[in-house]
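Have a look at the structure below before the remarks.
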Amino acid sequence: MCDGDAGAQTPVPNGPAPGSRTRLDVRKTYKLFIGGAFPRSESGRSYPVTSQAGALLARAAQASRKDARDAVVAARSALRGWQSATAYSRGQVLYRVAEILEGRAAQFAEEVAACEGLGDDAARRSVEAAIDRWVWYAGWSDKVAQVAGAANPVAGPYFNFSVPEPTGIVAVIAPAASSLLGLVSVLAPVIVTGNTAVVIASEMRPLPAVTLTEVIATSDVPPGVVNVLTGRTAELAPVLAGHMDVNAIDVCGVPPDRRTELERLAAENVKRVFAPAEERDEDWERPPGLRRMLAFLETKTVWHPIGI
Amino acid sequence: MPSTEMAWEYAPAPESRELVRIAPEYGLFVDGTFVPAAGGHTFTTVNPASEEPLAEVAAASPADVDRAVKSARGAFDDVWRRMPGSVRAKYLYRIARILQERAREFAVLESLDNGKPIRESRDVDVPLAAAHFFYHAGWADKLEHAGFGPAPRPLGVAGQVIPWNFPLLMAAWKLAPALAAGNTCVLKPAETTPLSALLLAEVCQQAELPPGVVNIVTGAGETGAALVDHPGVAKVAFTGSTEVGKKIRQAVAGTGKKLTLELGGKAANVVFDDAPLDQAVEGIINGIFFNQGHVCCAGSRLLVQESVAGPVVERLKRRMATLRLGDPLDKNTDIGAINSRQQLDKITELSQAGEAQGAGRWSPPCQLPERGYWFAPTVFTGVSQSHRIAREEIFGPVLSVLTFRTPDEAVIKANNTPYGLSAGVWTEKGSRILWMAQRLRAGVVWANTFNRFDPASPFGGYRESGFGREGGRHGLEAYLDV
Numbered sequence: 214m215c216d217g218d219a220g221a222q223t224p225v226p227n228g229p230a231p232g233s234r235t236r237l238d239v240r241k242t243y244k245l246f247i248g249g250a251f252p253r254s255e256s257g258r259s260y261p262v263t264s265q266a267g268a269l270l271a272r273a274a275q276a277s278r279k280d281a282r283d284a285v286v287a288a289r290s291a292l293r294g295w296q297s298a299t300a301y302s303r304g305q306v307l308y309r310v311a312e313i314l315e316g317r318a319a320q321f322a323e324e325v326a327a328c329e330g331l332g333d334d335a336a337r338r339s340v341e342a343a344i345d346r347w348v349w350y351a352g353w354s355d356k357v358a359q360v361a362g363a364a365n366p367v368a369g370p371y372f373n374f375s376v377p378e379p380t381g382i383v384a385v386i387a388p389a390a391s392s393l394l395g396l397v398s399v400l401a402p403v404i405v406t407g408n409t410a411v412v413i414a415s416e417m418r419p420l421p422a423v424t425l426t427e428v429i430a431t432s433d434v435p436p437g438v439v440n441v442l443t444g445r446t447a448e449l450a451p452v453l454a455g456h457m458d459v460n461a462i463d464v465c466g467v468p469p470d471r472r473t474e475l476e477r478l479a480a481e482n483v484k485r486v487f488a489p490a491e492e493r494d495e496d497w498e499r500p501p502g503l504r505r506m507l508a509f510l511e512t513k514t515v516w517h518p519i520g521i
Numbered sequence: 076m077p078s079t080e081m082a083w084e085y086a087p088a089p090e091s092r093e094l095v096r097i098a099p100e101y102g103l104f105v106d107g108t109f110v111p112a113a114g115g116h117t118f119t120t121v122n123p124a125s126e127e128p129l130a131e132v133a134a135a136s137p138a139d140v141d142r143a144v145k146s147a148r149g150a151f152d153d154v155w156r157r158m159p160g161s162v163r164a165k166y167l168y169r170i171a172r173i174l175q176e177r178a179r180e181f182a183v184l185e186s187l188d189n190g191k192p193i194r195e196s197r198d199v200d201v202p203l204a205a206a207h208f209f210y211h212a213g214w215a216d217k218l219e220h221a222g223f224g225p226a227p228r229p230l231g232v233a234g235q236v237i238p239w240n241f242p243l244l245m246a247a248w249k250l251a252p253a254l255a256a257g258n259t260c261v262l263k264p265a266e267t268t269p270l271s272a273l274l275l276a277e278v279c280q281q282a283e284l285p286p287g288v289v290n291i292v293t294g295a296g297e298t299g300a301a302l303v304d305h306p307g308v309a310k311v312a313f314t315g316s317t318e319v320g321k322k323i324r325q326a327v328a329g330t331g332k333k334l335t336l337e338l339g340g341k342a343a344n345v346v347f348d349d350a351p352l353d354q355a356v357e358g359i360i361n362g363i364f365f366n367q368g369h370v371c372c373a374g375s376r377l378l379v380q381e382s383v384a385g386p387v388v389e390r391l392k393r394r395m396a397t398l399r400l401g402d403p404l405d406k407n408t409d410i411g412a413i414n415s416r417q418q419l420d421k422i423t424e425l426s427q428a429g430e431a432q433g434a435g436r437w438s439p440p441c442q443l444p445e446r447g448y449w450f451a452p453t454v455f456t457g458v459s460q461s462h463r464i465a466r467e468e469i470f471g472p473v474l475s476v477l478t479f480r481t482p483d484e485a486v487i488k489a490n491n492t493p494y495g496l497s498a499g500v501w502t503e504k505g506s507r508i509l510w511m512a513q514r515l516r517a518g519v520v521w522a523n524t525f526n527r528f529d530p531a532s533p534f535g536g537y538r539e540s541g542f543g544r545e546g547g548r549h550g551l552e553a554y555l556d557v
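Quick mapping for you: the protein sequence lines, in order, are chains A and B. Residues 214 to 521 in the numbering used here are what the first sequence lists, from first letter to last. Residues 76 to 557 in the numbering used here are what the second sequence lists, from first letter to last.
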């Protein structure tokens, strides 16, 4: 936030004194990320975000129901192109996210430290794990179909194979505590297979998510593939859970005892609900396994007769 | 239904009813024995082809369901989960073999209780049910190789609710993977078709399956709801209507129970102008008239390319005129009885809506038997996408014909439904088959064929047709803690 060598200067209420080497920092407005653009909430609302120590870090946009619906529209329009991109191409795009993130690791470490109350080393490790997770998932793009697909030996003269396909639009309620590593761990498995995502960032720790959208916007990720909302989870999650054009929802950021209503709303269009009961924030550093990718894949089985 | 003046009449060729002995009364199958329902309530199951009562069947109350779930839990904890997979496999192999041995008995019983032609129960339902047990038997001692981790665990008691359209086959689809994975089961057959599941219970006894591993509770919707809601059930599997599936989804919300749903469909069967038309017409007929159209994946929307719409519909009508409707036990019958009065009313109502909305209705000349529930094979032409008969699942022998000009239009129309269970494509061009198969949002795509099923082939829907797969390696996931 502040220049490193500003320590000797006495802060002046109206800015640096004439001739001072201190410059007034330019603060960032934390905005939403919808369809590749950075709008404020259409509601004009924002809310204060504080550090673990209680200091004001910034104000984040407080997305409305309308913003959530706009994000779904953006995700729907991005879906066709993203799911029909080659797996190789999607893998490179995810890898590119890791590249850009690496270059901004210091900035993320600072933000993660501030909002999660971590020491510098712990914050840096968490950011590094987040970068490595992008790389890990990037490599899955052109392998998951070989692991999750099958050639099926049916009892008849038919060629029969099963392939995984993306479910569609996935609403992701990001983990509440792990602001970057947790977010990446739930977002990357959704999009690597060709889904598009509408993410509700951690309500109390949203700033790394917003900064991540700046990385995504400059990493060849097509507009609308990732959309990130900040605001009140209790206000936004039901909109996405009940939205008829959302195909699946990951409710991991909602405590198990508050998921019931979201699961009920999800019934209306038979959404796929991923609600891991045992997941805890301290688990994010563990190897993630395949289940988050598999949870948002459909299996399509194709039959064709064999003959001459 | 003679199709030409020259046709020779078929002589009646009924399969013998004596192949199966139907008891006057059936109890619930709980803890390895047949017991009456706690309240003593029963319901009557009838032969839909004659409306003749077949048997009185116990109606399970919530107390009965509780007893069945406890029995299943006991068997899970004390016997089934502890048993080596290789031993579970042997029990399932036994069941498969007994099903094959008693195949004709099952086929006759299924046709009597369900109304489906003996040709189908004999050649499809029963052999496939046996094959499902045989296939899954082999998984029971190989689960660590199925791709779900080094030691995948069963879930516990599976509560399974199945429909009336393939009563035995659906029981096999549910029980075989659940048991192979090490779960125990409480199965609720449909109210109108309980008998083949109860005969399967006898097979379990004959196979000396440990008591409580399979329990069968007969009854109507309340019995199913009691099973789904029971806190001792760890896994719910349902096949049936999308409407009920959504209610089950809501009921299960927040419980942590694992859920798979196999729901309704409104499949598009897409015929391109280069398709081999005679084969395509056979596929269309099989797609919609197989099992009286009581098939969730039925090809109920025919999308035919405009340039061949005339000849396709003409050949289709000619072929429909040769379909033989009547006694389900007659080996020459193509179209049997509608399963229930209620279903007949629904088919009738939707067909009337088709006429009222302006589609052209046609059925071949067809004498319907006086007693029983029957509906003539019917095709609607001039159907538009907004018509109810193009949007709603009819679940009967009623086909809606729509047309398209370009492949893109075919894809858009095929996907214009909240369902996504199956789809068909007919074309001689290989690259177009794969292009279509990629774009159709459906869990099963039949190319130059339709309505094929196999235990090794994963089956299940996209979107509002449900989630989870049955069959193949994929189907095991539904019954493992992964």
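C-beta atoms are modelled at their ideal positions from N, C-alpha and C, and glycine is treated no differently.
Lys321(B) belongs to the set of residues whose beta carbon lies under 8 Å from a beta carbon in chain A. Considering only beta carbons, the part of the segment 498-518 of chain A lying closer than 7 Å to chain B consists of Arg504, Glu511, Thr512, Lys513, Thr514, Val515, Trp516, His517, Pro518, in chain order. Separation of the CB atoms of Asp409(B) and Leu419(B) is rounded to 18 Å, and the pair is thereby denied contact status at 8 Å.
Inclusion of Asn365(A) and Ser375(B) in the CB contact set at 8 Å is not warranted, their separation being larger than that value.
DSSP places Thr330(B) in no alpha helix (DSSP H); its state is neither H nor E. Pairing Val288(B) with Arg527(B), the inter-Cα distance amounts to about 30 Å. For Gln432(B), the closest alpha carbon among the candidates Trp214(B), Pro227(B), Ala343(B), Ile464(B) is that of Ile464(B).
Residues of chain B with a Cβ closer than 8 Å to the Cβ of Pro366(A) are, in chain order, Ala531. Listed as beta-bridge partners of Ile386(A) by DSSP are Ile413(A). Scanning chain A for C-beta atoms nearer than 7 Å to the C-beta of Thr314(B) yields nothing, as the closest lies near 14 Å away.
Per DSSP, Ile521(A) is not a residue of any alpha helix (DSSP H), being assigned neither H nor E. In the structure shown, the three-state DSSP call for Gly320(B) is helix. Non-local beta-carbon contacts of Lys504(B) in its own chain, meaning distances under 8 Å to residues more than five positions away in sequence, involve Phe347, Asp349 in chain order.
In the structure shown, the three-state DSSP call for Glu100(B) is strand. Taking 8 Å as the cut-off, the beta carbon of Glu381(B) is found no closer than this to the beta carbon of Phe542(B). Within the same chain, Cβ atoms closer than 8 Å to the Cβ of Glu126(B) are found at Arg446, Gly447, Tyr448, the five residues on either side in sequence being excluded.
The beta carbon of Val397(A) is closer than 7 Å to those of Ala343, Arg346, Trp347 in its chain, skipping five residues each way along the sequence.
Look at Glu378(A) here: in three-state DSSP terms it is strand. None of the residues of the segment 401-431 of chain B has a beta carbon lying less than 8 Å from any beta carbon of chain A. Short of 6 Å from the beta carbon of Ala422(A), and not among the five residues preceding or following it, lie these beta carbons of its own chain, in chain order: Leu396, Ala414, Val441. Apart from sequence neighbours up to five positions away, the residues of its chain that approach Arg337(A) with a beta-carbon distance below 6 Å are Ala322, ordered along the chain. In the three-state scheme derived from DSSP, where H, G and I count as helix and E and B as strand, Glu467(B) is classed as coil. Closest in C-alpha terms to Leu243(B), from the list Arg179(B), Ser540(B), Phe109(B), Lys145(B), comes Arg179(B). At a cut-off of 8 Å between C-beta atoms, Arg477(A) counts as an interface residue with respect to chain B.
A distance below 6 Å between beta-carbons, with the five flanking residues on each side excluded, links Gly429(B) to the following residues of its chain, in chain order: Phe455, Ile464. With a threshold of 8 Å between beta carbons, Trp521(B) makes contact with chain A. Any Cβ of chain B closer than 8 Å to the Cβ of Arg485(A) would place that residue at the interface, and such an atom is present. From the listed residues Leu254(B), Gly224(B), Phe223(B), the smallest Cα separation to His211(B) is found for Leu254(B).
Here Glu545(B) carries a strand assignment [DSSP, helix/strand/coil].
Between Phe534(B) and Asn344(B) a beta carbon distance of about 17 Å is seen, past the 8 Å cut, so the two are scored as non-contacting. The residues Val356, Ile359, Val454, in chain order, have a CB closer than 7 Å to that of Leu391(B) in the same chain once the five nearest residues on each side in sequence are set aside. When the beta-carbon positions are compared, Ala273(A) and Leu449(A) stay at least 8 Å from each other.
Residues of the segment 372-389 of chain A that bring their beta carbon within less than 7 Å of a beta carbon in chain B comprise Asn373, Ser375, in sequence order.
Every beta strand (DSSP E) stretch that sits fully inside the segment 478-515 of chain B and reaches 3 residues is listed by chain position as 497-501.
Ranked by Cα distance from Val286(A), the options Gly332(A), Val438(A), Leu475(A) are led by Val438(A). The three-state secondary structure of Gln275(A), taken from DSSP, is coil.
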